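Residue numbers (the numbering used here), protein chains in the order written: chain A, 1 to 335; chain B, 1001 to 1298.
Ideal placement from N, C-alpha and C gives every residue a C-beta, glycine not left out.
Remember, it's a predicted structure, so these values are computed and weren't measured experimentally.
Listed below in structure tokens is the structure:
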């Protein structure tokens, strides 16, 4: 295990895992719900980070792929009465396959063209979900809670363990993936795809693989979301969410393994602070605005944060974290 | 089965006018892309916010159109200037991913701002064009469509003249061609960038006012802005002619598809046709009809 080199590393990892797995003891149901959602978002963001951060294929349709996973799992468990684990796996596979289909243009185009293709993917997927009879259309559908072998994950803490368990696995997988041959191929493609091709990296294979893995993660996240939230409507997977996922990995730091964690924590906690503290305060004080205006505060802040991070700290919070680690390591003789 | 020509003609006129508006919005995109190779993905939100602003001016403040619309134009100029100056200028020469992401962030911000100021879900502009319908054979055509097509053609003409004869237009074309050479000639490149953003916002605002005067103002206008990307893609990113040719094609495909395919497929097929076209073009001819194919070297 070369990820953990020293005893301090091991100690920190064990401490973090212990804190993580005892969280339900300190947190109430509301914050447990928030952390469940953070876990789900983190899985999706990790997938997008592999696709965009490591392989350099910008995807602005991630919410669409999450929706594919969510609805696949929901349809399998309600209409075919399959067990949850089958639904989870099929959700990942289905999203991965759809991802490959919409990733096909990436063989020929990149940059802005690919961004547009993924936007188109988002709208086509959401149209199908909105209109197809099996998905319940705009009314949405009700999904059973997750259950494994007769045990139903109904209470907050049990859901937390399920989601955090899978999240830890996914993050661990992603962290290891980038140290393998595949991960190095992804990075080579991101840095210069022509050079990578000349050196013998099979562009078609690896780009589509990146789409598959990224969307597989999205599908897993979608399935967990479906069985955690138990109601699904198409509005939960909007285009703005897709933008938010891109924002998350930028704020965290593109192409770093800790980036998505920081990004997701930052965005979700910012949202909580805004909805709990700022929005009611504004609704109270600024009465001259028409009612309902304060729901615009959250997207405004998100957009502002994304723009400011790009201008002021384009390498994201992960870069700050590395600076902090370096100064800690070199202290007190940092020169 | 006999073919309903009146219906067909109606679809054609609607498609043409919607397509013209798409082309107009796409021109706003191409302007920025040509001058600074920034892909402006906030176009939909710019369209939406200028439509809402028009609503505020004309319906809420009750100004007559000849005062209100110039104010909207000034607002769009200002919006373009602010976006370029405060978000894009610090990011000059950054990787394309940052440039795309920053426009996404701007779009997100504008969307919040729109909810903040105009929390209504939908509204209608006061009538800008006469309402009487025109009868051609068995077809009944609303006059506004004809007006929209006419105004779009006028704007195209004005822009073409601007690029051909005006100093700034020539400077913009030169910047698009070779930034370094232009800088060496003493043309202020940053001013060219900022002018291109201001113009693009005005063009997008015109598009927004036209399309919301046909229909209504709602969040769907963001999608309209995104549909304009299918025009950009089909016509080729850096081509004005491409946008003008591809716009009506997309508009016609959309209305014919909506008119003839809805009964065979699901509802709302009209709204996804532009996106399907994007995917098809991407797979077959990614650089569009008139776009310049770039050959890359290491």
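Query: Looking at the C-beta of residue 1293(B), does it have a partner C-beta in chain A at a distance below 7 Å?; Result: no
Query: Do three or more CB pairs link the region 1023–1043 of chain B to the region 1238–1246 of chain B at distances below 8 Å?; Result: yes
Query: Hey, which unbroken runs of the alpha helix (DSSP H) at 4 residues or more fall wholly within the region 1243–1290 of chain B?; Result: 1269–1284
Query: For residue 1078(B), which option in 1276(B), 1198(B), 1283(B) has the closest C-alpha, if you only look at C-alpha atoms?; Result: 1198(B)
Query: Distance check for residue 253(A) and residue 9(A), CA to CA, integer angstroms please.; Result: 22 Å
Query: Helix, strand or coil, according to DSSP, for residue 78(A) in the structure here?; Result: helix
Query: Reducing DSSP to helix, strand and coil, say where residue 1222(B) ends up.; Result: helix
Query: Based on the DSSP secondary-structure assignment, which residues constitute the bridge partners of residue 1037(B)?; Result: Residue 1037(B) pairs with nothing; no bridge assigned.
Query: Kindly say whether residue 131(A), judged by its beta-carbon, lies nearer than 7 Å to any beta-carbon of chain B.; Result: yes
Query: Listed in chain order, which residues of the region 1084–1104 of chain B have Cβ atoms closer than 8 Å to some Cβ of chain A?; Result: 1087, 1090, 1091, 1094, 1096, 1097, 1098, 1100, 1101, 1102, 1104
Query: What three-state label does DSSP hand residue 1142(B) in the structure shown?; Result: strand
Query: Tell me the DSSP secondary structure of residue 63(A) in three-state form.; Result: helix
Query: In whole angstroms, what is the alpha-carbon distance linking residue 1277(B) and residue 1285(B)?; Result: 11 Å
Query: Determine whether the Cβ of residue 59(A) lies closer than 7 Å to any Cβ atom of chain B.; Result: no
Query: For residue 1165(B), go through chain A and note every residue whose CB falls closer than 9 Å to its CB, in chain order.; Result: Those within 9 Å of residue 1165(B) in chain A number zero; the least Cβ separation is about 30 Å.
Query: Terminal residues of the continuous beta strand (DSSP E) containing residue 1133(B)?; Result: 1133–1136
Query: Straight-line CA distance for residue 116(A) to residue 127(A)?; Result: 17 Å
Query: I want to see whether chain A comes within less than 7 Å of residue 1055(B), judged by CB atoms only; does it?; Result: no
Query: Taking residue 1080(B) as part of the alpha helix (DSSP H), name the residues at either end of that continuous run.; Result: 1065–1083
Query: Which runs of the beta strand (DSSP E) fall wholly inside the region 1119–1205 of chain B and span at least 3 residues, in chain order?; Result: 1133–1136, 1139–1142
Query: Could you give the distance in angstroms between the alpha-carbon of residue 41(A) and the alpha-carbon of residue 251(A)?; Result: 14 Å
Query: Would you call the CB atoms of residue 1104(B) and residue 1041(B) closer than 7 Å?; Result: yes
Query: Listed from N- to C-terminal order along the chain, which residues in the region 1014–1027 of chain B have their beta-carbon within a distance smaller than 8 Å of any beta-carbon of chain A?; Result: none
Query: Thinking C-alpha only, which one of 178(A), 226(A), 169(A) is nearest residue 210(A)?; Result: 178(A)
Query: Can you list, in chain order, the residues of its chain whose CB lies under 7 Å from that of residue 1035(B), leaving out five sequence neighbours each side?; Result: 1172, 1175, 1176, 1192, 1193, 1196
Query: Taking 7 Å as the CB-CB cut-off, is residue 1260(B) touching chain A?; Result: no
Query: Check whether the region 1123–1137 of chain B and the region 313–321 of chain A touch, using three or more Cβ-Cβ pairs below 8 Å as the test.; Result: no
Query: DSSP puts residue 1046(B) in a beta bridge; with which residues?; Result: Its beta-bridge partners do not exist; DSSP assigns none.
Query: Could you round the C-beta distance between residue 170(A) and residue 220(A) to whole angstroms and report it? I think they count as a contact, below 8 Å.; Result: 7 Å
Query: Which two residues bound the contiguous alpha helix (DSSP H) that contains residue 295(A)?; Result: Neither: residue 295(A) is in no alpha helix (DSSP H) and is coded neither H nor E.
Query: When the Cα of residue 84(A) is compared with those of 199(A), 151(A), 175(A), 58(A), which residue comes out closest?; Result: 151(A)
Query: Measure the CB-CB distance between residue 58(A) and residue 1097(B) and report whether it falls below 7 Å.; Result: yes
Query: Can you name the start and end residues of the alpha helix (DSSP H) that residue 18(A) belongs to?; Result: 7–21
Query: Looking only at its chain, what residues have a beta carbon closer than 7 Å to the beta carbon of residue 1058(B), apart from the 5 residues adjacent to it on each side?; Result: 1065, 1068, 1125, 1126
Query: Could you tell me the alpha carbon to alpha carbon distance between residue 1222(B) and residue 325(A), rounded to whole angstroms?; Result: 43 Å
Query: Nearest to residue 164(A) by alpha carbon, out of 3(A), 319(A), 327(A), 17(A)?; Result: 17(A)
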